[in-house]
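K.L.:
Numbering (the working numbering), first residue to last: 27 to 201.
Note that the Cβ used here is the ideal one computed from N, Cα and C, for glycine as well.
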Amino acid sequence: MKKVIIASKNPVKIQAAKNGLEQMFPNQEFECMGVSVQSNVSDQPMSDEETFRGAKNRADNAVKTYKDADFYIGIEGGIANIETEMQAFAWVFIKSKEKYGKSRTGTFFLPKQVVDLIKAGKELGEADDIVFKRDNSKQKSGAVGILTGGTINRTGYYTEAVILALIPFKNEDLY
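#1: So, with DSSP's three-state summary, where would you put V30?
#2: Can you give me the start and stop residues for the beta strand (DSSP E) that I108 sits inside?
#3: DSSP on S163, reduced to helix/strand/coil?
#4: Check whether the Cβ atoms of I120 and I144 lie closer than 8 Å to each other.
#5: Residues in the same chain with beta-carbon distance under 6 Å from V140, minus the five sequence neighbours each way, listed in chain order, please.
#6: Does DSSP classify G60 as helix, strand or coil?
#7: Where D213 and P137 are concerned, what is the direct C-alpha to C-alpha distance, given to the nearest angstrom?
#8: Considering only the alpha carbon of each residue, which of D96, Q49, K196, Y126 lies closest to N83?
#9: Given that a residue counts as buried once 16 or more other Cβ atoms are within 10 Å of its Cβ, and exposed if not, what is T15?
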């Protein structure tokens, strides 16, 4: 049984991490625990670099706080301006004692109403809740689920990036 610390209490991130691990290592059992640690970035990361740093910091801070796990997983959602538009994405950073893996989700562009609320100081999840009249959407389908009509939900969106971040662990002789 492999012990895994997911550096978040968000059930979407915990499930995505578990799904990714189980898909990459189907013959292994995992004990996953979500914990609250600091990202040491703003609540709403506003650049690719800041979002990456948040995911890495979450994994690093989990290592410092919780000893003896096999994997530490940080997932950080962020946004970035591209010309006059705003894109959303997330970074995943996974650590073990010997190595690390990292990956980023695909990106999608946010509607103007959501962008205007973010520019006014709201976090993406809060802006989604206001515009789409939802409650706590960031712990459910998220913006990606709302905007795709459920074709892609937030758990699946993060799961793929977790799988990609696990490539160095699946191919140990190459990394």
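P.N.:
Taking the structure as given:
#1: Three-state DSSP puts V30 in a strand.
#2: Counting along the chain, I108 sits inside the beta strand (DSSP E) bounded by residues 97-108.
#3: DSSP places S163 in helix when its eight states are reduced to three.
#4: The answer is no: Cβ separation not under 8 Å.
#5: Closer than 6 Å at the Cβ level, and outside the excluded window around V140, lie A153, V157.
#6: Residue state for G60 is assigned as strand, using DSSP reduced to three classes.
#7: Given that the chain is displayed from residue 27 to residue 201, the structure contains no residue 213 and the question cannot be resolved.
#8: The shortest CA-to-CA distance from N83 to any of D96, Q49, K196, Y126 is the one to Y126.
#9: Lying outside 27 to 201, the shown extent of the chain, residue 15 is not represented and no answer is given.
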